[in-house]
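Quick note on this note's numbering: the sequence shown kicks off at 18 and runs consecutively.
C-beta atoms are modelled at their ideal positions from N, C-alpha and C, and glycine is treated no differently.
Take a look at the structure set out below.
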Amino acid sequence: MSRKRILILYTGGTIGMIQTERGYAPQKEAFHQLLDAIPELKAESMPGWDIIDMDPLLDSSNMTVKEWNMIGRMISDHYDAYDGFVILHGTDTMAYTSSVLSFTLRNNRKPVILTGSQIPLCELRNDARDNLITALMVAADDRVHEVCLYFGGKLLRGNRAVKYSADDLIAFDSPNYPPLAEAGIEIRYNTAALLPPCEGTFSLQTLKNIPIGVIKVFPGIQFELFDGIMTEKLKGIVIETFGAGNIPGSADALLPMIRRACENGTVIIVCSQCHHGTVTLGAYETSAALKSAGAVSGYDITTEAAVAKLYYLFSRDLTREGIMQRMERSLRGEISVQSMRTADRSGGMP
Ligand code: ASP
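If you want it as structure tokens, here you go:
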């Protein structure tokens, strides 16, 4: 079997940072030198790889739609030339980027693995080396056909991952979906959890800079404060509710606002502040009202994936009904409800 070829995209983040007078900052040349000094990366048993740097390299807190499109384009431009892709990325917004790519890389059947580290590669004790080596191995594995996030021994579906620790080396979790693989002495794949390869031709959906918002409710929240921003300019809102989709004082301030927003054409997605479990609109009086006002359930979607999915669907110029329908269906395994692929196989990749 010929040796697999992987393209590494270095976007920035702690993994490649070095200590400067102003704190850790990404530094291209220094990172390349550090990579050259790792003999394992040239081992016969490793896939061959090339590396491209994003310009400029970023702390991932500065990622925007523009960089998501740049990353998507780099993958799309090299899609046929490589067997898999590793995206080196800062941890802070990695789960957003992995969610975005899971949607924008339409009909993707190759491994696209995001990874990074909590400690830079330049430090003696670091998690960068292992995360990078294992991510390269996963990117060369024929069983993986989707966008994933590899970190601290776990391979997670990209649109199910959340960063849950600012300082642990196991910094990511996938609370509503099992890991796709766990790297112990061996890399053990959970084949039943992996997406099958999709049919159809690969294409990139670039994103538009859609105005969307996220509101997290809390006891005593004064919804009137949001009145001014709930205009027709706002295309989508993710509401992080309590528990299974509950909001405080539903009858008073929020519902008329939601009703008005829906009339303005805004799509409202209800997520839960609980990491584990799902939104069930209508289970309680306090959530039934949301549904009747026109909001749609995000089920067990993460806020990261809900934001990414809104960007993706609005960028495709679908009707509001088309967007709402797709928000309540699984497009890439991001929620635990019936998949759009099994619901409607006729229209290609939704
Ligand atoms: N601020 C960094 C980033 O997200 C943190 C990291 O990479 O761990 O780019």
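Spatially closest choice to residue i from the options, by CA coordinates
i	options	result
E321	P192, P137, S134	P192
D269	D244, L172, I318	D244
R177	Q44, Q222, I275, T114	T114
I231	F240, L212, I254, L242	For clarity, residue 231 is Val in the given sequence; the question names Ile instead. Per the Cα distances, I254.
M87	A156, R174, T223, E140	T223
C139	P43, V324, A300, I246	P43
L330	V117, A54, N263, L74	V117
Own chain partners of residue i with C-beta closer than 8 Å, once the 5 adjacent residues on each side are dropped
i	result
K250	P228
W66	R22, I23, L24, I25, L58, V103, L153
Y41	T31, M34, I35, P137
P64	R20, K21, R22, I23, D100, G101, L153, M154, A156, A157
Residue i: CB within 7 Å of a non-hydrogen atom of ligand 2
i	result
G33	This structure lacks ligand 2; its bound ligands are ligand 1.
Inter-residue Cα distance where the pair is residue i and residue j
i	j	result
S19	Y27	25 Å
R22	D72	23 Å
T258	F189	22 Å
P2	R343	The structure shown does not extend to residue 2, since the chain is modelled only from 18 through 367, so no value can be given for it.
R39	V82	27 Å
V313	G29	36 Å
C215	S77	30 Å
F240	M274	8 Å
R146	E280	52 Å
N143	T110	20 Å
H162	G339	26 Å
W85	R174	18 Å
L327	R160	29 Å
I202	I238	49 Å
S62	T108	28 Å
K45	L105	12 Å
K252	I55	47 Å
Beta-bridge partners of residue i, as assigned by DSSP
i	result
P43	M34
D190	V179
L172	Y167, A198
F288	Reading off the sequence shown, one finds Cys at residue 288, where the question assumed Phe. DSSP lists E257 as partners of C288.
V231	V255
F102	L24, V129
S314	V287
G65	R22
Y328	According to DSSP, Y328 bridges with nothing at all.
Same chain only: Cβ atoms within 6 Å of residue i, ignoring 5 sequence neighbours per side
i	result
G365	Per-residue confidence for G365 stands at a pLDDT of 43, beneath the threshold of 50, marking its modelled position as unreliable; the derived number appears in the next sentence. Only G217 meet the Cβ criterion.
K225	S332
S353	D317
A323	V255, I286, C288, G315
N263	Y301, T303, S304
G311	C279
R276	A310
M247	M274, A278
Sequence-distant residues of the same chain with beta carbon closer than 7 Å to residue i, five excluded per side
i	result
E199	G170, K171, R205
G282	E249, R337
C291	G260
H293	P192, N193
L186	Q135, D144, G169
Chain B within 8 Å of residue i, Cβ atoms only
i	result
A305	No chain B appears in this structure, which consists of one protein chain only.
Counting Cβ pairs closer than 8 Å, one from the stretch 302–319 and one from the stretch 206–218, do we hit at least three?
no
Could you tell me whether the stretch 154–168 touches the stretch 124–132, using the rule of 3 or more Cβ pairs below 8 Å?
Inter-segment contact for the stretch 154–168 and the stretch 124–132 is present: three or more beta-carbon pairs are separated by less than 8 Å.
Are at least three pairs of beta-carbons, each pair with one atom in the stretch 37–54 and one in the stretch 84–98, less than 8 Å apart?
no
Evaluate the contact criterion for the stretch 218–227 versus the stretch 117–127: three or more CB pairs, one atom per stretch, below 8 Å.
yes
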